[in-house]
Amino acid sequence: MSLTSRPKAAHIRQLSRYFLWLTTSVICLLPLSALGFVVQIWMAPSGQQGILSFFSHTSDVQGMMDLARQGIAHEYRWMATTFVLLSSTCIVWIFIQLNNMLVFFYQGEIFNRQALRCAQTGFWVYLAWTFGIYSVQLIAIILTSGSAQLWTNFADSLFVELVNLGIAKLLVWALEIGTELNEDAALVI
1 MSLTSRPKAA HIRQLSRYFL WLTTSVICLL PLSALGFVVQ IWMAPSGQQG
51 ILSFFSHTSD VQGMMDLARQ GIAHEYRWMA TTFVLLSSTC IVWIFIQLNN
101 MLVFFYQGEI FNRQALRCAQ TGFWVYLAWT FGIYSVQLIA IILTSGSAQL
151 WTNFADSLFV ELVNLGIAKL LVWALEIGTE LNEDAALVI
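The end of the sequence shown is residue 189 by my numbering, with every number in the run present.
Here is the structure:
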């Protein structure tokens with residue numbers, strides 16, 4: 001059911017147009033930055049940094065960049081490259097789902113099954129990515145007997161990530177409820 005005649009829907013349509021530009025920019029720039037990070041991993045001089053010290057800094061991007069500049073041991077560069085590429089692929093996939101959902105919003109189809117499916121897919125990929133990243137980081141911190149600063153960074157970033165996941169799930173639930181109400185209203189009419 002098209003809601004373009006309602007004023008709030010017109011505002012959502014206009015706002016989604018701006019967010020479409022933003023998500024499209026992120027989708028284009030993120031692979032380039034990931035590729036730049038991979039080049040930095042491979043161009044840095046071979047160092048003594050192990051893969052566990054690299055993984056223990058996953059929530060601290062600056063720490064990962066510093067470790068990459070210092071040099072990761074040559075035999076671990078493939079693992080670091082795979083980690084960076086998989087992470088960036090998941091993030092791009094999340095933004096593609098968000099972009100697809102915004103396309104439906106821009107077309108005036110705010111509460112429909114396709115937009116809901118995009119939101120749910122994006123949320124579940126985000127949840128799996130978060131679980132994977134923080135599991136790897138926790139294992140690496142435990143195995144390297146991480147410092148108090150690493151534990152603090154881990155706890156802080158995990159808390160922020162859990163809040164973000166909660167907000168994302170709340171928005172998905174709101175979209176689910178709106179979709180069900182929209183379908184019920186269409187059946188009544």
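C-beta: ideal position from N, C-alpha, C; glycine also.
- Candidates Trp173, Trp124, Val172, Val92, of which the one nearest Ile27 by Cα: Within the sequence shown, residue 27 is the residue found at index 27, counting from 1. Looking at the Cα atoms, Val92 is the closest of the given residues.
- Message: Just to check my reading of the structure: Thr144 and Leu52 have Cβ atoms closer than 8 Å, yes? What is that Cβ distance to the nearest angstrom?
- Response: Working through the sequence shown from its first residue, we reach residue 144 at position 144. Working through the sequence shown from its first residue, we reach residue 52 at position 52. Their Cβ separation, rounded to whole angstroms, is 5 Å, which keeps Thr144 and Leu52 in contact under 8 Å.
- Query: Which same chain residues, not among the five before or five after Gln97, have their C-beta less than 8 Å away from its C-beta?
  - Reply: Numbered from 1 along the sequence shown, position 97 holds the residue referred to as residue 97. Once the five neighbours on either side are set aside, the close Cβ partners of Gln97 are Cys118, Ala119, Thr121, Gly122, Val125.
- Task: Have a look at Leu3 and Ile133 and give me their C-alpha separation to the nearest angstrom.
- Result: In the sequence shown, the residue the question calls residue 3 occupies position 3. In the sequence shown, the residue the question calls residue 133 occupies position 133. Here the model assigns Leu3 a pLDDT of 49, short of 50, so the residue's position is not dependable, and the following value carries that caveat. The straight-line gap from Cα to Cα measures roughly 39 Å.
- Query: What do you reckon, are the CB atoms on Gly50 and Ala80 nearer than 8 Å?
  - Reply: Within the sequence shown, residue 50 is the residue found at index 50, counting from 1. Within the sequence shown, residue 80 is the residue found at index 80, counting from 1. No, they are not a contact pair.
- Task: For Ile133, name the three-state secondary structure that DSSP assigns.
- Result: Locating residue 133 in the sequence shown gives position 133, where the first residue counts as 1. If DSSP states are grouped into helix, strand and coil, Ile133 belongs with the helices.
- Message: What does the Cβ neighbour count give for Ile94, buried or exposed, with the cut at 16 atoms within 10 Å?
- Response: Position 94 of the sequence shown holds residue 94. Buried: at least 16 other Cβ atoms inside 10 Å.
- Message: The alpha helix (DSSP H) that contains Pro31, what's its start and end?
- Response: On the sequence shown, residue 31 is found 31 positions in, with the first residue counted as 1. Run containing Pro31: 7-43, per the alpha helix (DSSP H) assignment.
- Message: Which complete alpha helix (DSSP H) runs does the stretch 71-118 hold, if anything under 4 residues is left out?
- Response: 77-106
- Query: So, are the CB atoms of Ile167 and Phe105 less than 8 Å apart?
  - Reply: Taking the sequence shown and counting its residues from 1, the one referred to as residue 167 is at position 167. Taking the sequence shown and counting its residues from 1, the one referred to as residue 105 is at position 105. No, Cβ-Cβ distance for Ile167 and Phe105 is not below 8 Å.
- What does DSSP give as the partner residues of Gln263 in its beta bridges? Beyond the ends of the chain as shown, which are 1 and 189, falls residue 263; an answer cannot be given.
- Would you tell me roughly how many angstroms separate the C-alpha atoms of Ile142 and Ile41, rounded to the nearest one? In the sequence shown, counting from the first residue as 1, residue 142 sits at position 142. In the sequence shown, counting from the first residue as 1, residue 41 sits at position 41. Rounded to whole angstroms, Ile142 to Ile41 spans 24 Å at the Cα level.
- Query: What do you reckon, are the CB atoms on Gln137 and Phe55 nearer than 8 Å?
  - Reply: Here residue 137 is taken as the residue at index 137 of the sequence shown, counted from 1. Here residue 55 is taken as the residue at index 55 of the sequence shown, counted from 1. Taking 8 Å as the Cβ cut-off, Gln137 and Phe55 qualify as a contacting pair.
- Item | Beta-carbon proximity check, Ala68 vs Ala44, cutoff 8 Å | Position 68 of the sequence shown, counted from the start, is the residue given in the question as residue 68. Position 44 of the sequence shown, counted from the start, is the residue given in the question as residue 44. Yes; because the gap between Cβ atoms is below 8 Å, this pair is in contact.
- Task: Could you work out which residue in Trp151, Phe154, Arg77 is closest to Val39 when comparing CA atoms only?
- Result: Position 39 of the sequence shown, counting from 1, holds the residue named residue 39. With distances taken between Cα atoms, Val39 lies closest to Arg77.
- Query: When we look at the beta-carbon of Ser25 and count the other beta-carbons within 10 Å, is it buried (16 or more) or exposed?
  - Reply: In the sequence shown, counting from the first residue as 1, residue 25 sits at position 25. Exposed, by the Cβ-count rule.
- Item | Three or more C-beta pairs below 8 Å linking the stretch 99-115 and the stretch 156-171 | no
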